[in-house]
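Numbering (my numbering), first residue to last: 82 to 382.
Built from N, CA and C at the ideal position, the CB exists for glycine as well.
Structure first, then comments.
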């Protein structure tokens with residue numbers, strides 16, 4: 082577990098568990114770098130509960146690839162978990178071992194007593210304007226989510242099966258995907274640092290923090306998304322099948338308005354048009370991945 086562990090802080094005081102997981106996709110290292118920075122900054126603080134930072138897909142991180150055999154953030158289904166827990170152990174794929182290691186840690190902490198349990202899955206996107214939170218609707222108004230001051234996207238669990246956040250929610254965690262900027266940028270590291278601090282402060286993990294700290298991080302986060310709806314609902318998804326030769330058209334970024342019939346991408350079968358009006362979400366600008374793009378709509382008040 083030592084290579085997987087970014088850091089662990091506890092002073093045996095009552096309080097929350099905050100688990101930060103970076104690098105579930107091996108080409109997304111910004112969340113790991115931010116977590117390392119926050120742990121360095123936390124050295125002089127009094128900690129309530131426990132803060133733990135973990136690396137997700139060690140094998141893929143070593144090769145800077147999204148995944149090696151399969152997507153580690155799509156395998157947390159009941160059927161696959163039964164396979165991972167099966168005896169005798171015969172799990173030859175790299176992601177099998179990664180999932181088993183993470184599963185043991187999460188299950189161990191799920192049975193422990195804390196004031197609340199938070200698991201933040203830290204990600205970056207291949208498209209611009211990648212600052213938002215993905216969460217099941219029943220947690221959309223949770224104070225920890227609201228403290229991030231970022232757009233909240235709900236309904237994604239109907240399109241993305243087997244995500245880490247959904248498994249963690251089933252185990253009693255307040256869990257969400259925190260998408261903190263674009264892959265490969267320093268801005269994404271800074272966004273993650275501000276987001277992690279906001280999570281820790283709202284969860285009550287830091288005793289007697291400086292009075293202006295929460296406001297400072299909130300203002301930094303808000304500047305990236307002030308013009309966006311605060312809450313959105315996923316409405317559709319384009320699945321990329323193996324061998325499809327999917328290519329996203331240039332010029333799209335998260336939450337850019339699109340119209341029904343607009344050609345968004347191409348594959349070996351030709352043009353791919355939007356099925357509806359809405360806002361494009363997570364357009365795929367990297368060679369690996371099965372999620373071509375999503376379409377979201379602002380959620381009515």
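Check your understanding: If we ignore side chains and look at the alpha-carbon of each, how far apart do residue 289 and residue 220 end up?
Key -> Locating residue 289 in the chain shown gives position 208, counting from the first residue. Locating residue 220 in the chain shown gives position 139, counting from the first residue. A direct Cα-Cα distance of roughly 26 Å separates residue 289 from residue 220.
Check your understanding: What are the complete alpha helix (DSSP H) segments, minimum 4 residues, inside the segment 96-156?
Key -> Runs found: 111-122 and 139-144.
Check your understanding: Buried or exposed: which applies to residue 293, given that a residue is buried once 16 or more other Cβ atoms fall within 10 Å of its Cβ?
Key -> Locating residue 293 in the chain shown gives position 212, where the first residue counts as 1. That one is exposed.
Exercise for review: Could you tell me the distance, in whole angstroms, from the CA atom of residue 246 to the CA atom of residue 280?
Suggested key: Stepping through the chain shown from its first residue, residue 246 is reached at position 165. Stepping through the chain shown from its first residue, residue 280 is reached at position 199. Distance from the CA atom of residue 246 to the CA atom of residue 280, rounded to whole angstroms, is 16 Å.
Exercise for review: Look at residue 299 and residue 228 and say whether their C-beta atoms are less than 9 Å apart.
Suggested key: The count along the chain shown starts at 1 and reaches residue 299 at position 218. The count along the chain shown starts at 1 and reaches residue 228 at position 147. Contact: yes.
Review point. Ordered along the chain, which non-local residues of its own chain (more than five positions away) have a Cβ less than 6 Å from that of residue 149?
Key: Within the chain shown, residue 149 is the residue found at index 68, counting from 1. For residue 149, where only same-chain residues beyond five positions count, the Cβ hits under 6 Å are 140, 141 and 175.
Practice item. Over the uninterrupted alpha helix (DSSP H) stretch that includes residue 44, give me the two end residues. Key: The shown model of the chain, from 82 to 382, leaves out residue 44, and the question about it has no answer.
Exercise for review: For residue 373, name the three-state secondary structure that DSSP assigns.
Suggested key: As a working note, residue 373 is residue 292 in the chain shown. It is a strand residue.
Check your understanding: Alpha carbon to alpha carbon, how far is residue 296 from residue 105?
Key -> On the chain shown, residue 296 is found 215 positions in, with the first residue counted as 1. On the chain shown, residue 105 is found 24 positions in, with the first residue counted as 1. Taken atom to atom, the span from the alpha-carbon of residue 296 to that of residue 105 is near 30 Å.
Point to revise | Segment limits, alpha helix (DSSP H) that includes residue 166 | key: Position 85 of the chain shown, counting from 1, holds the residue named residue 166. Start and end: 159-166.
**Study point:** Proximity winner among 172, 206 and 251, relative to residue 374 (alpha-carbon distances)
**Key:** Residue mapping note: residue 374 aligns to position 293 of the chain shown, counting from 1. Among 172, 206 and 251, the Cα nearest to that of residue 374 is on 206.
**Study point:** 6 Å Cβ shell around residue 367 - same chain, five flanking residues per side excluded
**Key:** Here residue 367 refers to the residue found at position 286 when the chain shown is read from its first residue. Cβ neighbours of residue 367 beyond the five flanking positions: 207.
**Study point:** Span separating the alpha-carbon of residue 138 from that of residue 153
**Key:** Residue 138 sits at position 57 when you count from the first residue of the chain shown. Residue 153 sits at position 72 when you count from the first residue of the chain shown. Rounded to whole angstroms, residue 138 and residue 153 show a C-alpha spacing of 7 Å.
Practice item. For residue 288, write down the residues that DSSP places opposite it in a beta bridge. Key: Counting from one through the chain shown, the residue named residue 288 turns up at place 207. Beta-bridge annotation (DSSP): residue 288 is paired with 127.
Check your understanding: Is the beta carbon of residue 270 less than 9 Å from the beta carbon of residue 262?
Key -> By 1-based counting over the chain shown, the position of residue 270 is 189. By 1-based counting over the chain shown, the position of residue 262 is 181. Between residue 270 and residue 262, the gap from beta carbon to beta carbon is short of 9 Å.
Practice item. In the DSSP assignment, find the alpha helix (DSSP H) that holds residue 295 and state where it starts and stops. Key: For the purposes of this step, residue 295 is taken as the residue at position 214 of the chain shown. In the DSSP annotation of this structure, the continuous segment of the alpha helix (DSSP H) that includes residue 295 starts and ends at 294-303.
Review point. With contact counted as at least three CB pairs below 8 Å, one residue from each stretch, are the segment 328-336 and the segment 238-252 in contact?
Key: The answer is no - the segment 238-252 does not touch the segment 328-336, with fewer than three Cβ pairs under 8 Å.
Check your understanding: If you drop the 5 nearest sequence neighbours on each side, which residues of the same chain put their C-beta closer than 6 Å to that of residue 310?
Key -> Residue 310 sits at position 229 when you count from the first residue of the chain shown. For residue 310, where only same-chain residues beyond five positions count, the Cβ hits under 6 Å are 379.
Practice item. Using a threshold of 9 Å, state whether the C-beta atoms of residue 110 and residue 145 are closer than that. Key: For this step, residue 110 is matched to residue 29 along the chain shown. For this step, residue 145 is matched to residue 64 along the chain shown. In contact: residue 110 and residue 145 (Cβ atoms closer than 9 Å).
Exercise for review: Can you say whether residue 239 is buried or exposed, counting buried as having 16 or more other CB atoms within 10 angstroms of its CB?
Suggested key: Translated into positions along the chain shown, residue 239 becomes position 158. Using a 10 angstroms sphere on the CB of residue 239, the tally of other CB atoms stays under 16, which defines it as exposed.
Check your understanding: Cβ atoms of residue 85 and residue 183: under 9 Å apart, would you say?
Key -> Position 102 of the chain shown holds residue 183. Position 4 of the chain shown holds residue 85. It is a contact, given that the beta carbons lie within the stated cut-off.
Check your understanding: Three or more beta-carbon pairs under 8 Å between the segment 154-161 and the segment 116-128, yes or no?
Key -> Short answer: they don't touch.
Exercise for review: Report the residue from 232, 203, 282 and 223 whose alpha carbon sits nearest the alpha carbon of residue 303.
Suggested key: Residue 303 sits at position 222 when you count from the first residue of the chain shown. Sorting 232, 203, 282 and 223 by C-alpha distance to the C-alpha of residue 303 places 232 at the top.
Review point. What residue from 161, 358, 180 and 223 has the CA that sits closest to residue 338's CA?
Key: One-based indexing of the chain shown puts residue 338 at position 257. That would be 358, whose Cα lies nearest to the Cα of residue 338.
**Study point:** Same chain, Cβ closer than 6 Å to residue 344, neighbours up to 5 away in sequence not counted
**Key:** Residue numbering aside, residue 344 sits at position 263 when the chain shown is read from its first letter. Counting only residues of its own chain and dropping the five nearest sequence neighbours on each side, residue 344 has a CB closer than 6 Å to the CB of 352 and 354.
Check your understanding: Per DSSP, which one or two residues make a beta bridge with residue 260?
Key -> Taking the chain shown and counting its residues from 1, one reaches residue 260 at position 179. According to DSSP, residue 260 bridges with 204 and 213.
Review point. Using the C-alpha atoms, what's the distance from residue 134 back to residue 143?
Key: As a position in the chain shown, residue 143 is number 62, starting the count at 1. As a position in the chain shown, residue 134 is number 53, starting the count at 1. Taking C-alpha positions only, residue 143 is separated from residue 134 by approximately 18 Å.
Exercise for review: Determine, using beta carbons only, whether residue 314 and residue 274 come nearer to each other than 9 Å.
Suggested key: Residue mapping note: residue 314 aligns to position 233 of the chain shown, counting from 1. Residue mapping note: residue 274 aligns to position 193 of the chain shown, counting from 1. Not a contact, by the Cβ cut-off of 9 Å.
Point to revise | Option nearest residue 94 by Cα separation, candidates 364, 196, 188 and 236 | key: Within the chain shown, residue 94 is the residue found at index 13, counting from 1. Among 364, 196, 188 and 236, the Cα nearest to that of residue 94 belongs to 196.
Check your understanding: Can you give the Cα-Cα distance for residue 223 and residue 285, rounded to whole angstroms?
Key -> By one-based count along the chain shown, residue 223 stands at place 142. By one-based count along the chain shown, residue 285 stands at place 204. The straight-line gap from Cα to Cα measures roughly 14 Å.
Practice item. Could you please give me the residues that DSSP links to residue 318 through a beta bridge? Key: Counting from one through the chain shown, the residue named residue 318 turns up at place 237. Partner(s): 375.
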